[in-house]
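FYI, the numbering for the sequence shown is 1152 to 1263, going by my numbering.
Okay, so here's the structure we're looking at.
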Amino acid sequence: MRAHGDVFHIRPLLVDHPNFPRHMLRTFVDEPSPNVRYLALQDPELPVPDLQQLAAAAESFLRRGVARHPNITDALLEHLLSDPDPQVGDDAAANSALRPTQMYRILAAAGL
1152 MRAHGDVFHI RPLLVDHPNF PRHMLRTFVD EPSPNVRYLA LQDPELPVPD LQQLAAAAES
1212 FLRRGVARHP NITDALLEHL LSDPDPQVGD DAAANSALRP TQMYRILAAA GL
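In structure tokens, the structure reads:
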């Protein structure tokens, strides 16, 4: 993508093309721009260390993306459930990887 001069104010992005190799998106994890790092989350097989790095970002939209990611671990999901931003916690609670025991604990804490 970098070689083709892709910019974010012009749509569609090359990464939106259905034939773009998803595994190449993980190379964006270390980019300085949070908007570019967000693209890495479109890789459904993003490695856990990369998810952990993005979960520690100051930008809540990156943490929300990690909370919705299908490759999230139990420990990372647990961490994001207690994020200071309630939207991050909501996204973590809505992730299909959330185990029933965690769901029951959330419901019990809410008094339901």
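Ideal placement from N, C-alpha and C gives every residue a C-beta, glycine not left out.
Treat the numbers as computed from the prediction; the structure is a model and nothing was measured.
Pro1195 and Ala1259 have their C-alpha atoms roughly 31 Å apart. Unbroken alpha helix (DSSP H) runs of no fewer than 4 residues, entirely contained in the region 1175-1239, are found at 1185-1190, 1199-1206, 1211-1219, 1225-1232, following chain order.
One Cα belongs to Ala1248, the other to Pro1172, and the distance between them is close to 25 Å. Separation of Arg1214 and Leu1228 (C-alpha to C-alpha, rounded to the nearest whole angstrom) is 10 Å. The DSSP-derived three-state label of Pro1251 is helix. The alpha carbon of Asp1201 has as its nearest neighbour, out of Glu1210, Arg1188, Arg1256, the alpha carbon of Arg1188.
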